[in-house]
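K.L.:
15 is the number that the UniProt record's numbering gives to position 15 of the sequence shown; each next residue is one higher, with no gaps. Glycine is no exception: its CB is placed at the ideal position from the N, C-alpha and C atoms.
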Amino acid sequence: MAPAAGMGVAEAMAGAKGVVEIVPGYQPGILGRTVEMHMEYYYPRYNWAKEFEMTFTEGLLDLLRRVGNGKGNQVWAAVLRQHGAKERIVGTVYIDGESSGKGVARLRAFIVDEEARGLGAGKKLLRAAMDFVKEEGFRQCGLTTSKLLTVARKMYEAEGFKPMGEYWYGGWLEGVCSMEYLWERPAGEDASSHDKAI
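(1) Answer yes if the stretch 38 to 45 comes into contact with the stretch 69 to 86, meaning at least three C-beta pairs across the two stretches below 8 Å, and no otherwise.
(2) Hey, would you say residue 61 sits closer than 9 Å to residue 31, going by beta carbons?
(3) Evaluate residue 54 with the Cβ neighbour count: other Cβ atoms within 10 Å of its Cβ, from every protein chain shown; 16 or more gives buried, anything less gives exposed.
(4) If we count the other Cβ atoms within 10 Å of its Cβ and call it buried at 16 or more, is residue 188 buried or exposed?
(5) For residue 22, collect the residues of the same chain with a Cβ closer than 7 Å to its Cβ; drop the 5 residues on either side in sequence, then sort them by chain order.
(6) What residues are listed by DSSP as bridge partners for residue 75?
(7) For the putative contact between residue 153 and residue 103, defined by C-beta atoms under 8 Å, what is the C-beta separation to the nearest angstrom?
(8) What distance in whole Å lies between the Cβ atoms of residue 180 and residue 165, which are believed to be in contact at a cut-off of 8 Å?
(9) Measure how close the beta-carbons of residue 247 and residue 121 come, nearest whole angstrom, since I'm counting them as under 8 Å.
(10) Tell me, please, whether the CB atom of residue 88 is closer than 9 Å to any CB atom in chain C?
(11) Let's see if you can read the secondary structure: which residues bound the alpha helix (DSSP H) around residue 65?
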């Protein structure tokens, strides 16, 4: 298909694939889609099955209940809009503002569906989450990721996260090497005027 007049090849390809919009807050079906995307990615590659799905879902249930309670918890959906097709959640990221102590957030459940790769959904999601972390006045934000997820790790590092160490899981995730990352508010940056993190 030839690009429309005045439109480059990249723009035409993006238009054919659809447009991604980042939407904050609870969306109907967001928990199910978050779990589904994680299972679609991790089960075929690493055989993470029932135990992973149950543990992951239980943790998200607790966090989703707290979204919107004014205590620094939030979720964002990357919504794919295509001409003639139903809108679909193709990515998520969550910020947990309570479980790690005062002034410390945790980034969780960051994922982008394969059908949305190349549309910038991952960068947009991560930027929205980190803008929220900064606006809420958090001093730090931590996350855990797999050492194998090199693309995601590069994105975290581009947002200012630094690797703090790695460890090997036991039990049902035996043999999985995970990494801890930490973002810290730059020294001297005053967050007190909008510090709502508790």
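P.N.:
Reading from the atomic positions:
(1) Counting Cβ pairs under 8 Å, fewer than three are found: no touch.
(2) Yes.
(3) The residue in question, residue 54, is exposed, as its Cβ has fewer than 16 Cβ neighbours within 10 Å.
(4) Result: exposed.
(5) Answer for residue 22: 76, 78, 124, 125 and 128, listed in chain order.
(6) For residue 75, which the question treats as bridged, DSSP gives the partners 94.
(7) About 24 Å; that fails the 8 Å criterion.
(8) Right, the Cβ-Cβ distance comes to about 5 Å (below 8 Å), so this counts as a contact.
(9) No answer is possible for residue 247: the residues shown for the chain start at 1 and end at 198.
(10) The chain labelled as chain C is not found in the depicted structure, where only one protein chain is given.
(11) Residues 50 to 66.
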